[in-house]
Each structure stands twice: as C-alpha cells, then as structure tokens.
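In my numbering, the protein residues as written are 2 to 343.
Heads up, the beta-carbon is just placed ideally off N, CA and C, and yes, glycines get one too.
Bear in mind that the values here come from a model prediction, so they are computed numbers and not experimental data.
Note sheet for the following structure.
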C-alpha cells in the first residue's frame, strides 16, 4: 500500500509539473517573437545600450495556467482525485490575477483599480470554503479566525500581487523571490501534510509554484529576454498567496517576504498614497553608466533598490544578487523560527 501511495504522489506531482514545463516552453519563443513584431516592448533602462525587451509574460503564463487547470479538472473527474481538484481551484486565483495584470499591461488601469481588483481573485477559494482559518503564530499558538480569515484572504491577494509587482524593478527579482519563498516553505508544508494539518494538494502546489518560477527565471534573469509585466508579477504573487493559504504557512511567508512588504509600504508612504508607476516622475535610482545609484531627491519614492544603492552604487547584476541574498536571509530566518517554535 505504501508503494502504491508513493507512486500516486509522484504521479500527482509529475502531472502539473510536466504540464507547466511543456506548455510554457511551447509558448515562450513564439510569444517573444510576437511581442517584438507587434512592438509590445519596453526599454531595459538599466542597461547601457537601452535594449527593447518584450514587455509582458502574461501571454505565456496565462495559457500555461489555463491548460494546467483544465487538465487537472478533467483528470480529477475521471479518477475522482480530490487533491487534484483542490489544486485546480487554488490555481484559479493566479489565473484571474494574470488576466487583470494583462489588461493593465495593454490598456493601463488607474492605481486604485489595479490595487483592489485582484481581490476578486480570491473568490474561488472563499466561495468554496477550501481554507482552514486557524493560522499558527510562534510563541502565541494557533489562532481561531473564523470571520476574519476569509476577509484576510481577499486582502492577501491584493497585497501579494501588488507587492511583488512593486519590487519588479530589475531582471530576475520577481521569479527569484517566488522561487526562494516557495522552496523554503516546502519543508514546513511537507510537515503539515504528514501531521494532517493540510491536504497533500499543498505539496503539489508548492512544486507547481517552484516549476513556474524556474521556467520564468530562465527567461527573466539577467540579462532578461522577456519582462514579467504586471500580468507576470501578478500571477507569481497570487501563486505565493495560494501556497500560503493551502500550505498553512502564513507566519512563515509574511516573515520571509518582509523586505517585499517593507518595500511596498515605503513606496506608498513616500509618494503620498496609491500612484500608477507612470505617474511617478522622479525615479528612485539614477543610472550612471553601468552603475545604479540611489536618488537623494526627496520627491522620489523610497524603494528597496534605492536604499541598497544610496551609499554604494552597484551594477544591476550586483544589485539583483544583493536583493536575492536578502530574501534568502529572511527566508532562512523564517524557516528556522518556524522549525524551532512549532
């Protein structure tokens, strides 16, 4: 029986992972060529040559999620695989978030609409009731949040999508952060599955998030061959939120992503509220040849990249590595805290 269960688990992990990889790689080169041909490009301002790069990954990631969700749904109906059905439902918020982001990539939504519209992404989870409203907090214990938790889910998708989008300033940051957070959460999710605190579907979702982030990183890492766009960062942000809820790793994820949360808070407070990035005239960093230096202009938004380069200018590659190391540090600290206190 144990061997059968092992084979079943491996199969359930392999199906979405293979689907994601095959669909993504079948589309990526075509989408890159298509965006070049239609002028859907943006200037990579941090490169001395200022190359034009395809501006959004939504046309790759959205079909990838759609194919995966439909296939998982069909398979779950045929073999009565409840875990695959749960996985399909938890992939729906990233799909909805991606569609919202793609609209913004193409027509530009105002800041408030863009901030609050991702709330509707949470509806598949809230309406199905596939969540457990008892998050664990170190040194306090398990909280009972029957009423507050579904409201927190709505807010989480808005914060997660926009927060990751706000930190999407340099090549490879967004998929790297997603990969780091998902990878470090894996031991905690596995433990929650073994102890019966969550469905094994959480483990499958963790693998899906890691595989999507890896595929995206290959094409978005320095030097990027395609930008994430709002659609790409919204999808990856929503994937992390879905993983947080299903895996029951709320405290871990908040702690691991603290630099992202602080970055978003700093931006909003420094510019006096919600602003679309195209409305922000002053840049937080200044480009001097190959180096990026934090701006001292008080009217510029305060960002993580600005603070890192304020005293010591860095190349884009050095800045990206510094930010990645910061997220690895917070991820390790969050993981150690959870392992020692729960």
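Under the rule that 16 or more other beta-carbon atoms within 10 Å means buried, what is residue i, buried or exposed?
i	result
residue 30	exposed
residue 149	exposed
residue 7	exposed
residue 5	Residue confidence is low: residue 5 scores 45 on pLDDT, short of 50, so the model does not pin down where it sits. Its coordinate-derived value is still stated next. By the neighbour-count rule (16 or more Cβ atoms within 10 Å), residue 5 is not buried but exposed.
residue 313	exposed
residue 245	buried
residue 238	buried
residue 39	exposed
residue 249	buried
residue 174	buried
residue 21	buried
residue 115	buried
residue 89	buried
residue 19	exposed
residue 15	exposed
residue 164	buried
residue 23	exposed
residue 154	buried
residue 232	buried
residue 298	exposed
residue 185	buried
residue 182	buried
residue 332	buried
residue 35	exposed
residue 170	buried
residue 152	exposed
residue 32	buried
residue 335	buried
residue 286	buried
residue 197	exposed
residue 195	exposed
residue 320	buried
residue 27	exposed
residue 330	exposed
residue 79	exposed
residue 11	exposed
residue 199	buried
residue 44	exposed
Per DSSP, which residues does residue i bridge with? Please list them.
i	result
residue 44	53
residue 138	142
Assuming residue i and residue j make a contact with CB atoms under 8 Å, what is their CB distance in whole Å?
i	j	result
residue 86	residue 125	Contact flag wrong, Cβ pair sits at about 12 Å.
residue 309	residue 323	6 Å
residue 137	residue 143	5 Å
residue 272	residue 224	So it is not a contact: roughly 29 Å between Cβ atoms.
residue 55	residue 235	Contact doesn't hold; Cβ gap of about 17 Å is too wide.
residue 139	residue 342	4 Å
residue 268	residue 167	6 Å
residue 74	residue 120	So it is not a contact: roughly 24 Å between Cβ atoms.
residue 311	residue 295	3 Å
residue 17	residue 209	5 Å
residue 291	residue 52	Their Cβ separation, rounded to whole angstroms, is 14 Å, which puts residue 291 and residue 52 out of contact at 8 Å.
residue 395	residue 247	Outside the shown range of the chain, which is 2 to 343, sits residue 395, and nothing can be said about it.
residue 47	residue 325	Rounded, the Cβ-Cβ distance is 16 Å, inconsistent with contact.
residue 122	residue 141	At roughly 29 Å, the Cβ-Cβ gap does not stay under 8 Å, so residue 122 and residue 141 are not in contact.
residue 161	residue 241	6 Å
Is residue i near the ligand MN, with its Cβ less than 8 Å from a heavy atom?
i	result
residue 55	You won't find the ligand MN in this model; it holds no ligand whatsoever.
Quiz prompt | At least three beta-carbon pairs within less than 8 Å, the region 248-263 to the region 60-75 | solution = no
Quiz item: Which runs of the alpha helix (DSSP H) fall wholly inside the region 254-326 and span at least 4 residues, in chain order?
Solution: 259-271 and 305-310
Quiz item: With a cut-off of 8 Å, do at least 3 Cβ pairs link the region 77-86 to the region 104-118?
Solution: Segments in contact, no.
Quiz item: How about the region 188-201 and the region 256-273: do they share at least three Cβ pairs that are nearer than 8 Å?
Solution: no
Quiz item: Is the region 213-233 touching the region 174-184 in the sense that three or more CB pairs, one from each, lie closer than 8 Å?
Solution: Enough Cβ pairs lie closer than 8 Å, so yes.
Quiz item: If you scan the region 128-198 from start to end, which runs of the alpha helix (DSSP H) of 4 or more residues do you find wholly inside it?
Solution: 149-167 and 174-195
Quiz item: Pairing CB atoms from the region 54-62 with CB atoms from the region 200-210, are three or more of them under 8 Å?
Solution: no
Self-check item: Residue ranges of each beta strand (DSSP E) within the region 53-100, 3 or longer
Solution: 53-55
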